[in-house]
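Trainee: Residue numbers (the working numbering): 1055 to 1178.
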Amino acid sequence: MPVDYLEYFPSLIDTRTSDSLLETFIQQTPWKQQVRMMYDKEVITPRLTAWYGDPEAYDYNSLGKTTPNKWTEELLMIKALVEPLAGVRFNSVLLNYYRDGNDSVAWHSDKEEILGKHPVIASI
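Written as structure tokens, this is what we have:
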């Protein structure tokens, strides 16, 4: 398998279920806006995030140890769909909420040592 590899599953979740999940996540997720250090200054991330996972999950927050929210029924359903396709067991998920055309994430790579040499990342 190549170092950088992408598989695309366009119909993994049907439109009706997808719309319902989106509405549930928007309404019921404890969204937070993070402050990060970038270029030697603090900046507010231009999106909302929420981290869910196993208690011992990887801590995506470079600002210090955080406790993930407990898996929801909806996230466990998505996890059950994705894991057999990816061939791995995921221990956490970061939800990102882009509220409008002003919210974003900068171009980046998830190459942190704790994730291993070739991390598997699912994006739904």
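Cβ atoms here follow ideal geometry from the backbone N, Cα and C, with glycine treated the same way.
#1: Could you pull out every residue in the same chain whose Cβ sits closer than 6 Å to the Cβ of Y1152, ignoring the five residues on either side in sequence?
#2: Please state if the CB of G1107 and the CB of V1142 are separated by a distance shorter than 8 Å.
#3: Output the boundary residues of the alpha helix (DSSP H) element that contains A1160.
#4: Tell me whether K1133 is buried or exposed, calling it buried when 16 or more other Cβ atoms sit within 10 Å of its Cβ.
#5: Rounded to whole angstroms, what's the CA-CA distance from E1110 to W1125? Just pull it up for me.
#6: Please check the pair E1128 and T1078, which I expect to be a contact at CB under 8 Å, by giving their CB distance rounded to whole angstroms.
Mentor: In brief:
#1: Taking the first residue of the sequence shown as position 1, residue 1152 is located at position 98. Answer for Y1152: R1101, listed in chain order.
#2: Start at 1 with the first residue of the sequence shown, and residue 1142 comes out as number 88. Start at 1 with the first residue of the sequence shown, and residue 1107 comes out as number 53. Cβ distance not < 8 Å, so V1142 and G1107 don't count as in contact.
#3: The residue given as residue 1160 occupies position 106 in the sequence shown. Annotation for A1160: no alpha helix (DSSP H) segment contains it, and DSSP assigns it neither H nor E.
#4: In the sequence shown, the residue the question calls residue 1133 occupies position 79. Looking at its Cβ environment, which holds 16 or more other Cβ atoms inside 10 Å, K1133 is buried.
#5: As a first step, residue 1110 must be located in the sequence shown, where it is residue number 56. As a first step, residue 1125 must be located in the sequence shown, where it is residue number 71. Distance between the alpha carbons of E1110 and W1125: 13 Å.
#6: In the sequence shown, counting from the first residue as 1, residue 1128 sits at position 74. In the sequence shown, counting from the first residue as 1, residue 1078 sits at position 24. With a Cβ gap of about 6 Å, E1128 and T1078 count as contacting.
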